[in-house]
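With this note's numbering, letter number 447 in the sequence shown gets 449, and the count goes up by one each step, no holes. Right, one structure below, let's go through it.
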Amino acid sequence: MQIPFRQTPSTAIFSIAAYALLAGANGLFSINSWAQEAAPVVPPPMVKASAKRGEPITLNFTNADIEAVARTMATLTGRNVVVDPRVKGTITLTTEKPVAPAVAYSQFLAMLRLQGYTVVDAAGLDKIVPEADAKLQGGAVFSDQMVAGNQIATQIFRLNFDNANNMLPILRPLISPNNTINVNPGNNALVITDYGDNLRRIAQIIAAMDVPNATDIDVIPVKHAIAVDLAPLVLRLLESGGALSAGQGDGSFKTTLIAEPRSNALILRASNAARVALAKSLIAKLDQPSTESATGNIYVVYLKNADATKLAVTLRAALSGEVRTPTAAAAVGGAAGGVAAAAGGAAAAQPSTGGQIQADQATNSLIISAPEPQYRQLRAVIDKLDTRRAQVYVESLIAEVNADKAAQFGIQWQGTMGNSGDTNIGLLGTNFTAATAGANILSLALGAATGAVLPGTGLNFGVAHQTNGVYVLGALARFLQTNGDGNILSTPNLLTLDNEEAKIVIGQNVPFVTGQYTNAATGTANTVNPFQTIERKDVGLTLRVKPQISENGTVKLTIFQEVSSVQASSINSASGLITNKRSIESNVLVNDGSVVVLGGLLSDEYSGNQEKVPGLGDLPLLGYLFKADSRTRKKTNLMVFLRPVVVRDAAAAESYSNDRYEMMRGVQQKAQPASNVMLPVNEAPVLPALGK
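Right, here's the structure in full:
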């Protein structure tokens, strides 16, 4: 059944939608538009049988309003369609033969896409919006399943092998300009918002590219050459074409080639089969038998970490011990055993740099004169010994807390009994020496006037009386209390190699007089020539440590730690200087990164002194007039802690160094002087920033 109509307002289109529910004799539905002048719409005759939803439909929309066509499609497909007010215009949509409503709706979506509009599915509601705003609407989000239909949706692609950032520039040109593609580095995923058909195409591209970027591991036996020597040469040739040819700089897999000394083989893993074939070809060309005599081979081995002189002595000793053992000598076999026997027999009589194995200190290399089978054995030992040695970063914490308290109290008095002019007079009083200098009443009475003696520290209360026009000190009361606290924290740190002793000294080099002589000058009886012998010693903080790392991660430490200082009261003493010294020498076993206490001192000293008049000094309250007390208490808390940290690689050493560097740089920045326009110097030196 066909319903002719011309382009009409929305109300007319809605009536057409109502007619769409009707069906002809064969169940087909067709809509035509007149190109000529509008004619009155003639209602079709009533049909008893109504159209069934889902039956084939023939479309013939010409310059029809988008909103009207959308409502018609909603009626035919049973969808809920909402048109954004910004969606304007007309479309032409025709079919040559009847199609299913789902196909008709898909063609409608394709026509909207050509007009710059799209449909967004939001919880069962199809919203027709401009394409630029579709990504902001409530579209469906898919993660583990493929997107159905051709509507705007968001798909999350999680990559298993490749880097999502590397995939971004490849996929971005394939996304329409109005849609987006983003990377989530946290889980290595791509978040793409686009049409469903384009998302399915991108999924196929990602599946083809997100594959393991490395081949299986190949073990290539080396027949004639030395695997340890061949590995760096082949790897250098593979990388000679640039960083990209070797799989560097672009985030892809890097060609790995490792020598296995025990079986004299190479372990290869490359980014693709072509790289594997190239590596095998290079190895085959270089793995050729030597043209030199088997008994006259000379090899040069450059060491990376070990000391050539020390290693040469160790290898010669190993060869000597190997040959002196009958079973070991037989195991070497043939010419190798003969050369080893000759070298071993002469090793004991040769200097440390001579023999079958010689050391070149200038280049830190070994010169080995041996047949190839024996050289391979030596080379395997050299590779195991020439490894990067671990280091130990030792942090020492020396904490000392002192508390000194002193209190003094005493009353002294002097008085005379008699009158002026009497032949004999009486003296009565108390005089104690428990107090410090300057607190004795007789000393003050005799020498205070001339300034020879000054009153002691603290509160002094005295009473003087006049005798023959002179004031004489008759009574003295003294009160004194002192408190002294000290808190010292020293943290010497040092870094040293495993089994190497390190020492750090922070202090002064102080001269100590060890002898003194006075000789008369030659030819002059009254002239003397004095001289002294002096020995200088380090006074301050000294830390000497030798670590030894075990295989289970523990660290054995041989430690000597000393803190010394010159006593201030002995600086100008005629008997010489007096030093305060606290030292610890011990061997301890510590876990890597753990803190251990080496030892310390916890002391609490008390001393008291009392002077009194017998009997009178014991009287309650009145007894204080006849006695003097002094009390002191000293508490010393000293502890030494140690924390070793094993530094096994360059990255860990750099991390510790950078941390301490930035700490010192921050302290220097905080210690800058305040800006002053009157002073030309307003900056203190600061360490440069790392990397500059």
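Note that the Cβ used here is the ideal one computed from N, Cα and C, for glycine as well. Keep in mind the model is a prediction, meaning the values are calculated, not measured.
Looking at the DSSP output, residue 398 shares a beta bridge with 644.
Taking each of 400, 308, 125 in turn and checking the Cα distance to residue 599, the smallest one comes out for 400.
Membership of residue 238 in the alpha helix (DSSP H) is indicated by the continuous run 229-240. Residue burial annotation: residue 519 is exposed, with fewer than 16 other C-beta atoms found within 10 angstroms of its C-beta. In this structure, 674 is the residue among 691, 692, 674 with its C-alpha nearest to the C-alpha of residue 685.
If you look at residue 661, you'll find it in the alpha helix (DSSP H) that goes 652-672. Check the Cα spacing between residue 578 and each of 457, 623, 514: the tightest is with 514. In the assembly as shown, residue 114 is a buried residue. Its beta-carbon has 16 or more other beta-carbons within 10 Å. Remark: C-beta atoms of residue 397 and residue 493 approach each other more closely than 9 Å. Between the alpha carbons of residue 459 and residue 668 lies a distance of about 44 Å. Under the DSSP definition of a beta bridge, residue 630 partners with 412, 613.
Residue pairing from DSSP places residue 560 in a beta bridge opposite 548, 589. Straight-line measurement puts the Cα of residue 412 at about 11 Å from the Cα of residue 619.
Counting only runs of 3+ residues, the beta strand (DSSP E) found wholly inside the segment 477-523 occupies 495-499, 504-522, in chain order. Residue 132: member of the beta strand (DSSP E) spanning 127-132, first to last residue.
Taking a 10 Å sphere around the C-beta of residue 653, we find fewer than 16 other C-beta atoms and assign the residue as exposed. The distance from the Cβ of residue 236 to that of residue 201 is about 44 Å, inconsistent with a contact at the 8 Å cut-off.
In the assembly as shown, residue 224 is a buried residue. Its beta-carbon has 16 or more other beta-carbons within 10 Å. Sequence-distant partners of residue 222 (beyond 5 residues in either direction) whose C-beta falls short of 7 Å from its own C-beta, in its chain, are 267, 268, 270, 282, 285. If you draw a straight line from the Cα of residue 562 to the Cα of residue 541, it is about 15 Å long.
Residue 198 counts as buried, since no fewer than 16 other beta carbons sit within 10 angstroms of its beta carbon. For a cut-off of 8 Å, the C-beta gap from residue 121 to residue 130 is around 5 Å, short enough to register as a contact. Distance from the CA atom of residue 361 to the CA atom of residue 379, rounded to whole angstroms, is 18 Å. It is roughly 14 Å from the alpha-carbon of residue 555 to the alpha-carbon of residue 645. In this structure, DSSP gives residue 374 a helical state, which the three-state scheme calls helix. Under the three-state reduction of DSSP, residue 419 is assigned to strand.
Under the DSSP definition of a beta bridge, residue 360 partners with 369. The continuous stretches of alpha helix (DSSP H) do not include residue 261, which lies in the beta strand (DSSP E) extending over residues 258-262.
Rounded to the nearest angstrom, the gap between the Cα atoms of residue 512 and residue 580 is 11 Å.
Its Cα nearest to that of residue 416, the residue 443 stands out among 443, 404, 162, 501. Cβ-Cβ distances below 7 Å link residue 533 to 519 in the same chain, with the five nearest sequence neighbours on each side left out; the list follows chain order. Going by C-alpha positions, residue 500 is about 40 Å away from residue 570. In the structure shown, the three-state DSSP call for residue 69 is helix.
Counting other Cβ atoms within 10 Å of its Cβ, residue 219 stays below 16 and is therefore classed as exposed. Across the set 545, 596, 629, the C-alpha of 545 shows the shortest separation from the C-alpha of residue 588. A Cβ-Cβ separation of about 5 Å places residue 388 in contact with residue 305 under the 8 Å criterion.
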